[in-house]
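Note sheet for the following structure.
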Amino acid sequence: MSSTIQDKQFLFIVGAPRSGTTWLQIMLGEHPQVCTSVELTLFDRYIGQWMETWRHEVENAHRPGLNLFWTEQEFHGFLQDFIYKTYERALAAKPDATHVLDKRPSYSEHVETIQTLLPNARFIHIIRDGRDVATSMMAAARGFWFQTDTMQKAATRWNEKVRQAQIASRFAGQYLEIRYEDLLEDGVATLKKVFDFCGLPVTEGQVGEILEQQAFDKLQSSRKSASAEYKMPPGFYRKGKAGNWQEELSTEQQQQFDEIAGELLRELGYAGDHWVASTTAN
Numbered sequence: 001m002s003s004t005i006q007d008k009q010f011l012f013i014v015g016a017p018r019s020g021t022t023w024l025q026i027m028l029g030e031h032p033q034v035c036t037s038v039e040l041t042l043f044d045r046y047i048g049q050w051m052e053t054w055r056h057e058v059e060n061a062h063r064p065g066l067n068l069f070w071t072e073q074e075f076h077g078f079l080q081d082f083i084y085k086t087y088e089r090a091l092a093a094k095p096d097a098t099h100v101l102d103k104r105p106s107y108s109e110h111v112e113t114i115q116t117l118l119p120n121a122r123f124i125h126i127i128r129d130g131r132d133v134a135t136s137m138m139a140a141a142r143g144f145w146f147q148t149d150t151m152q153k154a155a156t157r158w159n160e161k162v163r164q165a166q167i168a169s170r171f172a173g174q175y176l177e178i179r180y181e182d183l184l185e186d187g188v189a190t191l192k193k194v195f196d197f198c199g200l201p202v203t204e205g206q207v208g209e210i211l212e213q214q215a216f217d218k219l220q221s222s223r224k225s226a227s228a229e230y231k232m233p234p235g236f237y238r239k240g241k242a243g244n245w246q247e248e249l250s251t252e253q254q255q256q257f258d259e260i261a262g263e264l265l266r267e268l269g270y271a272g273d274h275w276v277a278s279t280t281a282n
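Read in full-length UniProt numbering, the sequence shown has 87 at position 87, and its numbers run on one by one without any break.
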């Protein structure tokens, strides 16, 4: 295995679905030193499951498995080799890149596994008001995405993914948390902060150009993805604004959200204690 892939800086965008992860990925991918691709499902559908099976067999002395023949170090080495070979395939599209960027909301629950196997990995966690996320999730469920067709499912998924992604904050210097709303209100400063965190040289003027080229209305018409060979489903890029939940969520749905994820919503500063009542009063 060539050492070149191991010398790359690995970047991971995590967070709840419908929080701007794809938009952020596309903008970071515009940097000449960044290679990215479609969601590879590498850690949630492959590596994560293998790691979980390994842990289960190690902890269950009555039903051992591969650990009879492999040490943990050898097993991790096998997984690392698979990871490197996968990302080498992605790098073929941009061989001079110094940074490899992968994005998938489901990676939020695998940040510890990612950091174990790629110790230099950096995590960018984009957070959006959970009420807007839930609104977008349920709308997407009516079109192309079926997993969160109720408020209960949507609120639970937002709550889980945000808390899971925040586990990466334990890795000193390897975690950055940004807000979707800040990208909308002060895109240049917010995106520049992300580039700086990643160790990618860029001027404010260049960041402004990226924001202009990848403006939300343009993505809606182009259905652009992180790969030139693939377009996002119709309707994937919805409205791209903050506060839309106030127009679309019923009082009952707001109450359901608050019961499930209100604590996190308040922790993040998105709402006060009685936001449902005050919204209804208005």
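Where is the CB? At the ideal position from N, CA and C, for every residue including glycine.
At what residues does the alpha helix (DSSP H) containing residue i begin and finish?
{"i": "Leu265", "result": "Thr251 to Glu267"}
{"i": "His56", "result": "Gly48 to Glu59"}
{"i": "Glu248", "result": "Trp245 to Glu248"}
{"i": "Thr86", "result": "Glu72 to Leu91"}
{"i": "Lys153", "result": "Met151 to Ala165"}
{"i": "Gly240", "result": "Taken as a continuous stretch (DSSP letters only), Gly240 belongs to no alpha helix (DSSP H), as it is neither H nor E."}
{"i": "Gly29", "result": "Thr21 to Gly29"}
So, for residue i: in the same chain, excluding its five sequence neighbours on each side, which residues have a beta-carbon less than 7 angstroms away from its beta-carbon?
{"i": "Ser19", "result": "Ile126, Ile127, Arg128, Val133 and Tyr180"}
{"i": "Gly199", "result": "Gln9"}
{"i": "Asn282", "result": "Interpretation of Asn282 is limited by its pLDDT of 45, a score under 50 that renders its predicted location unreliable; no figure is taken from the coordinates."}
{"i": "Ala165", "result": "Val14, Gly15, Ser108, Val111 and His125"}
{"i": "Ser2", "result": "Bear in mind that a pLDDT of 45 at Ser2, under 50, signals an unreliable position, so the number given afterwards is only what the model happens to contain. None."}
{"i": "Pro64", "result": "Glu57"}
Would a C-beta distance cut-off of 9 angstroms place residue i and residue j closer than the cut-off?
{"i": "Thr86", "j": "Leu40", "result": "yes"}
{"i": "Lys153", "j": "Thr21", "result": "no"}
{"i": "His76", "j": "Thr116", "result": "yes"}
{"i": "Gln33", "j": "Thr98", "result": "yes"}
{"i": "Ile260", "j": "Met137", "result": "no"}
{"i": "Met51", "j": "Leu24", "result": "no"}
Residue i and residue j look like a contact to me (Cβ under 8 angstroms); what is the Cβ gap, rounded to whole Å?
{"i": "Phe43", "j": "Ile114", "result": "6 angstroms"}
{"i": "Leu249", "j": "Thr148", "result": "Not really, about 14 angstroms apart at Cβ, beyond 8 angstroms."}
{"i": "Leu11", "j": "Val100", "result": "7 angstroms"}
{"i": "Gln174", "j": "Ala121", "result": "7 angstroms"}
Taking the beta strand (DSSP E) that residue i belongs to, which residues open and close that run?
{"i": "Gln9", "result": "Gln9 to Val14"}
{"i": "Tyr175", "result": "Tyr175 to Arg179"}
{"i": "Thr36", "result": "Val34 to Thr36"}
If you drop the 5 nearest sequence neighbours on each side, which residues of the same chain put their C-beta closer than 6 angstroms to that of residue i?
{"i": "Val207", "result": "Val188, Leu191 and Lys192"}
{"i": "Leu183", "result": "Thr190"}
Below 8 angstroms CB to CB, which residues in the same chain sit around residue i once its five sequence neighbours on both sides are set aside?
{"i": "Gly243", "result": "Asp129 and Asp132"}
{"i": "Glu30", "result": "Ile210, Gln213 and Gln214"}
{"i": "Glu263", "result": "none"}
Segments assigned alpha helix (DSSP H), at least 4 residues, entirely inside the region 190-225
204-213 and 216-222
Minimum length 4: unbroken alpha helix (DSSP H) runs contained in the region 97-134:
111-117
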